[in-house]
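Residue numbers (our numbering), protein chains in the order written: chain A, 53 to 301; chain B, 211 to 399.
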């Protein structure tokens with residue numbers, strides 16, 4: 053039976069160099085990252101190449117992506133949040149494209165690796181922290197002291213707020229990573245049943261219809277999850293950025 | 211599972227430098243293989259940085275420009291349409307005003323003509339009545355004159371008759387003045 057973990061393995065393609073003892077390699081993961089960047093660039097630049105007043109389908113996709121993310125940013129952060137629009141747009145399109153590419157059989161899913169999800173989440177976390185401090189100075193820490201809380205439970209609430217703030221990158225990254233990982237493992241397991249059952253002869257081939265149907269249904273679900281996780285990541289990014297801009301609850 | 215291990219071994223071979231740090235033990239769960247983290251982070255930093263540059267410098271300004279241009283065209287067209295509608299409304303209003311004016315004018319003219327005709331008719335009628343009245347007055351005058359003459363004649367005849375009767379009865383010719391006075395008194399009485 054096919055190993056469901058095999059799809060997550062990282063293979064070196066060539067060595068880029070060394071940092072200390074650590075080899076820095078261009079891996080299959082790197083290739084898929086740049087592949088995602090290429091797809092997004094192609095979609096956005098190719099789609100807008102015509103600059104048509106009445107958009108073609110291709111151009112519509114580029115425009116829809118633009119408007120979808122810009123509406124999300126504008127509705128959750130407001131007009132002044134539009135300076136983060138390129139950042140949020142890059143995040144959304146990168147995650148969405150990487151997730152969608154991952155659904156294609158035999159491909160590698162960049163976002164199913166913890167370190168990539170952590171890098172994405174930490175990038176957001178640090179942006180919120182640094183921009184929040186730069187914009188509001190020490191007023192940023194008002195984020196941890198909600199208004200209208202009785203003074204005797206304020207210390208407790210503040211501790212909880214600090215912990216919840218610090219745990220944000222964890223939940224933010226693990227949500228994405230775990231969803232992608234679990235989905236792909238499940239898909240692979242059910243797809244593996246199809247091959248192992250059909251190796252059992254006529255009855256097996258007949259029986260393998262069930263896991264095949266399951267795989268098909270799961271693939272549809274995974275497409276939904278791929279979009280949904282990209283969207284959830286983006287929405288949470290917007291909510292966190294909103295805290296950086298308006299820390300006073 | 212043997213197949214999977216074989217594949218893992220192949221992978222280990224491919225990432226020899228990576229697994230070297232791992233102590234060469236059997237493949238762990240790939241997403242938790244920390245020796246691949248540095249490579250992924252470097253790739254991710256370069257890829258995401260590149261994407262950010264392309265998106266912020268090229269893609270978004272271009273798509274945003276297309277959308278803004280479309281919005282502008284839409285706004286211009288809508289304004290144009292609103293202006294044309296206002297124009298047509300104004301024209302309609304002007305037409306209605308004109309129509310109302312024309313109608314009022316026609317009515318005024320009709321009234322004027324009617325009044326003029328009425329006045330002419332009235333005048334003709336008045337003239338006719340006047341002439342009739344004049345004629346009537348003249349006729350009445352004639353009748354009165356004739357009657358007065360006749361009455362005067364009656365008076366003299368009565369005086370003559372009275373004188374003759376008195377003369378015949380008394381043999382005395384009465385004084386004309388007395389007869390006249392007596393006649394007048396009897397006429398009055």
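C-beta atoms are modelled at their ideal positions from N, C-alpha and C, and glycine is treated no differently.
Contact between the segment 222-236 of chain A and the segment 172-191 of chain A is present, with at least three C-beta pairs closer than 8 Å. Collapsing the DSSP output to three states places residue 76 of chain A in a strand.
Between residue 129 of chain A and residue 136 of chain A, the C-beta spacing is below 8 Å. For residue 262 of chain B, the chain A residues whose Cβ falls inside 8 Å of its Cβ are 138, 139, 142, in order along the chain.
For residue 286 of chain B, there are no C-beta contacts with chain A under 8 Å, since the nearest C-beta of that chain is about 12 Å from it. With a threshold of 8 Å between beta carbons, residue 269 of chain B makes contact with chain A. Under the Cβ criterion of 8 Å, residue 248 of chain B is counted among the residues facing chain A.
Taking the C-beta atoms as reference points, residue 58 of chain A is found no nearer than 8 Å to residue 79 of chain A.
In the DSSP annotation of this structure, the continuous segment of the beta strand (DSSP E) that includes residue 69 of chain A starts and ends at 64-71.
The contact set of residue 294 of chain B on chain A, defined by CB atoms closer than 8 Å, is empty, because the minimum CB distance reaches about 20 Å. DSSP places residue 381 of chain B in the coil class of the three-state scheme, outside both helix and strand. Listed in chain order, the non-local C-beta contacts of residue 249 of chain A below 8 Å within the same chain comprise 256, 257, 259, 260, 263, local neighbours out to five positions each way being set aside. Here residue 102 of chain A carries a coil assignment [DSSP, helix/strand/coil]. Bounds of the alpha helix (DSSP H) holding residue 236 of chain A are 206-250.
Around the beta carbon of residue 253 of chain A, fewer than 16 other beta carbons lie within 10 angstroms, which makes this residue exposed. Taken through DSSP and simplified to helix, strand or coil, residue 158 of chain A comes out as coil. Comparing alpha carbon positions, the residue from A:87, A:280, A:195 closest to residue 144 of chain A is A:280.
At the C-beta level, residue 262 of chain B and residue 139 of chain A come within 8 Å of one another.
The beta carbons of residue 210 of chain A and residue 197 of chain A sit closer together than 8 Å. Going by C-alpha positions, residue 265 of chain B is about 7 Å away from residue 93 of chain A. Here residue 164 of chain A really is in contact with residue 232 of chain A; their C-beta atoms are around 4 Å apart, less than 8 Å. Below the 7 Å Cβ cutoff, chain B contributes 257, 260, 261 as neighbours of residue 89 of chain A, in chain order. Straight through space, the alpha carbons of residue 296 of chain B and residue 307 of chain B are spaced by roughly 16 Å. Of all residues in the segment 104-118 of chain A, only 104, 105, 106, 107, 111, 114, 115, 117, 118 place a beta-carbon less than 9 Å from a beta-carbon of chain B. For the C-beta of residue 280 of chain B, the chain A residues within less than 7 Å are, from N- to C-terminus, 105. Neighbours of residue 277 of chain B in chain A, taken as residues at a C-beta separation under 8 Å, are given in chain order as 115, 118, 119. Leaving aside the five residues that flank residue 110 of chain A on each side, the residues in its chain whose CB is nearer than 6 Å to its CB run, in chain order, 99. For residue 92 of chain A, the chain B residues whose Cβ falls inside 9 Å of its Cβ are 261, 264, 265, 269, in order along the chain. Comparing alpha carbon positions, the residue from A:83, A:222, A:293 closest to residue 160 of chain A is A:83. Listed along the chain, the chain B residues whose CB falls inside 9 Å of the CB of residue 82 of chain A are 249, 250, 252, 253, 254, 256, 257. Taking a beta-carbon distance threshold of 8 Å, residue 79 of chain A counts as an interface residue toward chain B. Under the 10 Å beta carbon count, residue 167 of chain A is surrounded by 16 or more other beta carbons and is classified as buried. Among the CB atoms of chain B, one or more fall inside 8 Å of the CB of residue 146 of chain A. Beyond the five residues adjoining it in sequence on each side, residue 154 of chain A comes within less than 6 Å, by CB distance, of 161 in the same chain, given in chain order. Not one beta carbon of chain A lies nearer than 8 Å to the beta carbon of residue 313 of chain B.
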